[in-house]
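Its first residue numbered 115, the sequence shown is counted upward by one per residue in the working numbering.
First comes the structure, then the notes that go with it.
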Amino acid sequence: MKRVWIEDLGNFVGEEVEIRGWLFNKRSAGKVRFLIVRDGTGFLQVVMVKSDLPPEVFNLYDEVTYEDAVVVRGVVRKDKRAPGGYELQMTDLKIHSKVLETYPIPKVRPENIPDIGKLFKFRHLWIRSRKQWATLRIRDEVERAIQDFFASRKFVRFDPPIFTPSSVEGTTTLFPVPYFEEGEVYLTQSGQLYLEAGAMALGKVYSFGPTFRAEKSRTRRHLTEFWMVEPEVAWATLEDIMELAEDLVVYIVERVLENRRTELEILNRDISKLEAVKKPFPRITYDEAVRILMEEKEKGRDIDFRYGEDFGSDEETVISERYDRPVMITHYPRTIKPFYMKPDPDDPTKVLCVDVIAPEGYGEIIGGSQREDDYEALLRRIREENLPEEEYSWYLDLRKYGSVPHSGFGLGVERTVAWLAGASHVREVIPFARTPDRVRP
Ligand code: 4AD
Ligand code: MG
Numbered sequence: 115m116k117r118v119w120i121e122d123l124g125n126f127v128g129e130e131v132e133i134r135g136w137l138f139n140k141r142s143a144g145k146v147r148f149l150i151v152r153d154g155t156g157f158l159q160v161v162m163v164k165s166d167l168p169p170e171v172f173n174l175y176d177e178v179t180y181e182d183a184v185v186v187r188g189v190v191r192k193d194k195r196a197p198g199g200y201e202l203q204m205t206d207l208k209i210h211s212k213v214l215e216t217y218p219i220p221k222v223r224p225e226n227i228p229d230i231g232k233l234f235k236f237r238h239l240w241i242r243s244r245k246q247w248a249t250l251r252i253r254d255e256v257e258r259a260i261q262d263f264f265a266s267r268k269f270v271r272f273d274p275p276i277f278t279p280s281s282v283e284g285t286t287t288l289f290p291v292p293y294f295e296e297g298e299v300y301l302t303q304s305g306q307l308y309l310e311a312g313a314m315a316l317g318k319v320y321s322f323g324p325t326f327r328a329e330k331s332r333t334r335r336h337l338t339e340f341w342m343v344e345p346e347v348a349w350a351t352l353e354d355i356m357e358l359a360e361d362l363v364v365y366i367v368e369r370v371l372e373n374r375r376t377e378l379e380i381l382n383r384d385i386s387k388l389e390a391v392k393k394p395f396p397r398i399t400y401d402e403a404v405r406i407l408m409e410e411k412e413k414g415r416d417i418d419f420r421y422g423e424d425f426g427s428d429e430e431t432v433i434s435e436r437y438d439r440p441v442m443i444t445h446y447p448r449t450i451k452p453f454y455m456k457p458d459p460d461d462p463t464k465v466l467c468v469d470v471i472a473p474e475g476y477g478e479i480i481g482g483s484q485r486e487d488d489y490e491a492l493l494r495r496i497r498e499e500n501l502p503e504e505e506y507s508w509y510l511d512l513r514k515y516g517s518v519p520h521s522g523f524g525l526g527v528e529r530t531v532a533w534l535a536g537a538s539h540v541r542e543v544i545p546f547a548r549t550p551d552r553v554r555p
């Protein structure tokens, strides 16, 4: 007997096959009974007809319970009404292992249960449910799309270290780690500084890995451990990487629409909103974004914002409401951005940077900039920020030995997936989220 995965059933119509999985649900309609079996690759309706089955097999219906491991045999039938398009006409059923206790997550719409904390306590089991399954498959597609995108443009993958002695995005969000005679090092906030070295060696590079921020922000958008993809390109200007960012986001959206439609439907995602994500993205400056906020304030919206501040999630949401696709905001005040950004030669109070804000209130998904490439100017900024100069001497070397303009950005994977999947919180789009109050399971 051929043992097959549910996602491949389409190749076996009319054949008898074996599926190995778990009982997801069951229901009875008199002489016909239905099992919903999941095997990780999909969910399958299995039909038990009393007259087709030996009584001891048919009676297993009463015994089998949620999340028992089961081995099912049956004939594959095409059925438009069945979820997934196919169903299995059962010929045999074996319970491989029974649950030892009642499954702790109720089968009926676990996502609607108000006690989300309880679900996260059982995250190792919760990921078996339909919506979590769909979300994690969308994440997988996003991650694969990212790698395909950069490979097709001949970027070299360049893996920066995770233990680092210095900060990139400010010293207040560093996670210290004891490190032998060194005393303390930190978990990386971003591989950017190392990627800049990589770009000078390999031209176009990108990294893709976990990054860490000791941010006590308890928002829908913050994790302490999250995944970032960071391209860095030699000779590129702000304009160049804005175009790269735009192409990347459009490509990711296209791929999810192409390969994860079923999953979007399971999540009740409004697909038309994603279909609107096309080039070109609107581009506005920080000053223009502030004007939008002031206009909305005059219309009576509750906005507490002063010129010169960074946008918080409320402000980002108000700005993004004007657009049906991501908006790119450039030229933020120098004082609210990191030391490595290059000031705008036309207005040195601003920097050559871009934040990409997702629609529908999902906030900043990308932060990027042109880097300061002048040795003296960079040294001055490191001193102004009171950063330990000796830790940055290697980074300054990049400006000493053949310095060139260069730019890059970081795209947050969880923010992007949360937006595409329509998730209410980034912690639902990573297998095991890390937040200030959660490091288990
Ligand atoms: O804007 P950020 O801080 O930029 C950098 O780290 C640059 N060094 C990247 C670069 O130019 N190479 O972070 C980039 C993105 C944000 O836009 C956001 O999507 C995500 O990373 N991000 C977070 N995601 C989840 N939780 C957090 N605490 C995040 N902080 C940033
Ligand atoms: Mg940012």
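C-beta atoms are modelled at their ideal positions from N, C-alpha and C, and glycine is treated no differently.
Checklist entry - How would you call His520, buried or exposed, if buried means at least 16 neighbouring beta carbons within 10 angstroms? => result buried
Checklist entry - Is the segment 530-539 touching the segment 383-403 in the sense that three or more CB pairs, one from each, lie closer than 8 Å? => result yes
Checklist entry - Less than 7 Å separating the beta-carbons of Leu307 and Ser321? => result no
Checklist entry - Whose C-beta lies closer than 8 Å to the C-beta of Glu283 among residues of the same chain, with five residues either side of it excluded? => result Gln303, Ser304, Arg327, Pro452
Next on the checklist: If the criterion is Cβ atoms closer than 7 Å, does the pair Phe272 and Val319 meet it?
Outcome noted: yes
Checklist entry - Taking 6 Å as the line, does the beta carbon of Gly481 fall inside it for any heavy atom of the ligand MG? => result yes
Item to check | Of the listed residues Pro197, Ile133, Asn173, nearest to Val184 (C-alpha basis) | outcome: Ile133
Checklist entry - So Met115 packs on Arg195, CB below 8 Å; how close in whole Å? => result Not confirmed; about 26 Å, so no contact.
Next on the checklist: Any heavy atom of the ligand 4AD inside 6 Å of the beta-carbon of Leu233?
Outcome noted: no
Next on the checklist: Measuring only the C-alpha atoms, how far is Tyr547 from Glu339?
Outcome noted: Per the sequence shown, the amino acid found at residue 547 is Ala instead of Tyr. The straight-line gap from Cα to Cα measures roughly 8 Å.
Checklist entry - If Leu525 sits next to Ile480, beta carbons under 8 Å apart, how far is it from one beta carbon to the other, in whole angstroms? => result 5 Å
Next on the checklist: Considering only their Cβ atoms, is the gap separating Val161 from Glu201 smaller than 7 Å?
Outcome noted: yes
Checklist entry - Does the ligand 4AD have a heavy atom nearer than 6 Å to the CB of Gly312? => result no
Next on the checklist: Taking its Cβ as the centre, do 16 or more other Cβ atoms sit within 10 Å of Arg141, making it buried, or is it exposed?
Outcome noted: exposed
Checklist entry - Which residues in the same chain as Arg497 place their Cβ atom closer than 8 Å to its Cβ, once the five residues preceding and following it in sequence are excluded? => result Glu503
Item to check | For Arg147, the first and last residue of its enclosing beta strand (DSSP E) | outcome: 146-152
Item to check | For Val131 and Val118, believed in contact at Cβ under 8 Å, the rounded distance | outcome: 5 Å
Checklist entry - Rounded to a whole number of angstroms, what is the C-alpha to C-alpha distance between Tyr293 and Ile355? => result 36 Å
Next on the checklist: Quick check: is any heavy atom of the ligand 4AD less than 6 Å from the C-beta of Val282?
Outcome noted: yes
Item to check | Ile366 burial status per 10 Å Cβ neighbour count (16 or more: buried) | outcome: buried
Item to check | Check whether Ser483 and Met455 have beta carbons under 7 Å apart | outcome: yes
Checklist entry - What residue from Val364, Ile398, Arg397, Arg375 has the CA that sits closest to Ala390's CA? => result Val364
Next on the checklist: On the DSSP bridge list, what partners appear for Glu170?
Outcome noted: DSSP output for Glu170 lists no bridge partner at all.
Item to check | Whether Arg369 touches Glu255 by CB criterion (7 Å) | outcome: yes
Item to check | Rounded C-alpha distance that separates Asp361 from Pro169 | outcome: 59 Å
Checklist entry - Terminal residues of the continuous alpha helix (DSSP H) containing Phe264? => result 244-266
Item to check | Reduced DSSP secondary structure (H/G/I, E/B, other) of His336 | outcome: coil
Checklist entry - Going by alpha carbons, who is nearest to Ile556 out of Gly231, Thr179, Ile219? => result Here the chain has residues from 115 to 555 only, and residue 556 is not among them.
Item to check | Glu478: CB within 6 Å of a non-hydrogen atom of the ligand 4AD | outcome: yes
Checklist entry - Would the beta-carbon of Ala403 fall within 7 Å of that of Tyr476? => result no
Next on the checklist: Following a CB-centred definition, is Gly526 positioned closer than 6 Å to any heavy atom of the ligand 4AD?
Outcome noted: yes
Checklist entry - Is it right to say Asp488 is buried, meaning 16 or more other beta carbons lie within 10 angstroms of its own, or is it exposed? => result exposed
Checklist entry - Within the present structure, is the beta-carbon of Gln484 separated from the nearest heavy atom of the ligand MN by less than 6 Å? => result With respect to small molecules bound, the structure shown includes the ligand 4AD and the ligand MG and not the ligand MN.
Checklist entry - Where does Thr179 sit, in a helix, a strand or coil, going by DSSP? => result coil
Checklist entry - Taking the beta strand (DSSP E) that Phe370 falls in, what are its first and last residues? => result The amino acid occupying residue 370 in the given sequence is Val; Phe does not appear at that position. Taken as a continuous stretch (DSSP letters only), Val370 belongs to no beta strand (DSSP E), being part of the alpha helix (DSSP H) at 352-373.
Next on the checklist: Going by DSSP, what residue range makes up the beta strand (DSSP E) through Phe322?
Outcome noted: 318-326
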